[in-house]
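S.K.: Going by this note's numbering, the letters in the sequence shown line up with residues 220 to 434, in that order.
No residue lacks a Cβ here, since even glycine has one placed at the ideal position from N, Cα and C.
In this text the structure is predicted, and so the values were computed from the model without any measurement.
Quick one: structure below, then a few questions.
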Amino acid sequence: MNLIFLGPPGAGKGTIAKRLLDRFSLLQISTGDLFRENIKGQTEVGMKAKGFMDRGELVPDGIVIEMLKGRIAQDDCKGGVILDGFPRTIPQAEALAADSSVTIDKVVNFVVPDDVVVSRLCGRRICPTCGRIYHTVNMPPKVEGVCDDDGVALIQRDDDQPDAIQHRLVVYRDQTEPLIAFYRSRGMLADIDGALPDVGAIVESAALILEQLQG
Ligand code: AMP
C-alpha cells in the first residue's frame, strides 16, 4: 500500500502519518526531512536545497525527483510508504506516475483553511533528535520547550517564521494545489477534514481510508 499525503504546509500530514505507521506497517518518506538531513550532513543535495528552503520556495523538480527516486528504491520501502510532502508540483506527480516501480493506491488530501495553517505553523516545535512534532498550544510537551521522549530542547524551523509561512502558502496555491484536480480526475483522491481540533479524530478518518484499501 503506497499513499500520498497532500495538503498545505501545516496541514498535519507529518503528524498524522507518524500516528499511522505502526498500525499499517508503513514507512513515512518526507522529502522535507530528507532535505533537512542532507543539509545537516552538508551533502551536495543539501547545499543545493538550502537557499530555496530558507526562502520558503520549492526546491527545483529535478533535484527533488532524483532524491525521492533514490530513497524509494531502497528495500525498506517495499512494504509500503506514505509520501509526505511529495509530489508538490505537476511535473513531480508525472515523474512519479511514470515510475513503474511504485504504484500509488490513494492520495489523502488534508483540507485545512489558511488561518488554521498559520496558527499551526507559528506554534510548531520539533525535536531535533527524534523528529517528534509539538505545538505550543494544541500539543504542548509536558515540560515547556523540551521533548517528552528524549529531554532534548525543541526547535522552531526557520521556515516556520511568519514571512516564510505566508510565502509557502502562496507557493502551495500556485504549484501544489493543482495536484488536487490532477489526482481527483484520476479517481485517486480522498478528502479529509484536517482542521478538526482533535488530532485523534483526524487520525481515525485517515485510518478509515487505509482500512478500506486493505479490504
Ligand atoms: P516540508 O518539511 O514538507 O514542509 O518541506 C520543507 C521545504 O522543503 C519546502 O518548503 C521546500 O522548500 C522543500 N521541499 C520539500 N518537499 C519538496 C518537494 N516535493 N518539492 C520541492 N520542494 C520541496
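#1: When the Cα atoms are used, what is the spatial distance from Val461 to Arg339?
#2: Could you check whether the Cβ of Asp378 sits closer than 7 Å to any heavy atom belonging to the ligand AMP?
#3: Where does Asp328 fall in DSSP's three states?
#4: If we require 3 or more residues per run, which beta strand (DSSP E) segments fall completely within the stretch 289 to 370?
#5: To test your reading of the DSSP string, which unbroken alpha helix (DSSP H) runs of 4 or more residues are found completely within the stretch 225 to 297?
#6: With a 10 Å radius around its C-beta and 16 neighbouring C-beta atoms as the bar for buried, classify Val371 as buried or exposed.
#7: Could you please give the first and the last residue of the uninterrupted alpha helix (DSSP H) stretch that includes Leu426?
#8: DSSP has Ala409 in a bridge; who is on the other side?
#9: Beta-carbon of Leu246 versus every beta-carbon of chain B: anything under 8 Å?
#10: If you measure from the CB of Ala414, is any heavy atom of the ligand SAH nearer than 7 Å?
#11: According to DSSP, is Arg373 part of a helix, a strand, or is it coil?
#12: Which stretch, first to last residue, makes up the alpha helix (DSSP H) that contains Ala383?
#13: How about Leu427 and Asp324: do their beta carbons lie closer than 8 Å?
#14: Do the CB positions of Leu245 and Leu253 come within less than 8 Å of each other?
#15: Which of the three DSSP states, helix, strand or coil, is assigned to Leu222?
#16: Less than 8 Å separating the beta-carbons of Gly270 and Ser249?
#17: Going by other Cβ atoms of all chains shown within 10 Å of its Cβ, with 16 needed for buried, is Ile374 buried or exposed?
#18: Give the single residue among Ala230, Leu225, Gly275 and Gly229 whose Cα lies nearest to the Cα of Asp378.
#19: Tell me whether the beta-carbon of Ala409 lies closer than 8 Å to the beta-carbon of Asn328.
#20: Pick out whichever of Gly299, Val362, Asp241 and Asp369 has its Cα sitting closest to the Cα of Thr348.
#21: Can you tell me whether Thr395 is buried or exposed, with buried defined as 16 or more other CB within 10 angstroms of its CB?
M.R.: Well, looking at it:
#1: Beyond the ends of the chain as shown, which are 220 and 434, falls residue 461; an answer cannot be given.
#2: yes
#3: The amino acid at residue 328 is misidentified as Asp; the sequence shows Asn. Asn328 falls in the strand class under three-state DSSP.
#4: 300 to 303, 325 to 330, 343 to 345 and 352 to 354
#5: 232 to 243, 250 to 259, 263 to 273 and 280 to 291
#6: exposed
#7: A small correction: the amino acid at residue 426 is Ala; Leu does not occupy that position in the sequence shown. Segment Val418 to Gln433, the alpha helix (DSSP H) holding Ala426.
#8: Val327
#9: The chain inventory of the structure shown lacks chain B, comprising one protein chain alone.
#10: Among the ligands modelled here, namely the ligand AMP, the ligand SAH does not occur.
#11: Checking the sequence shown, residue 373 turns out to be Leu, not Arg. Note: Leu373 maps to coil in three-state DSSP.
#12: Pro381 to Val390
#13: no
#14: Contact flag unset, no.
#15: strand
#16: no
#17: exposed
#18: Gly275
#19: Between Ala409 and Asn328, the C-beta gap is smaller than 8 Å, which places the two residues in contact.
#20: Thr348 has its Cα closest to that of Asp369, out of Gly299, Val362, Asp241 and Asp369.
#21: Buried, because 16 or more other Cβ atoms sit within 10 Å of the Cβ of Thr395.
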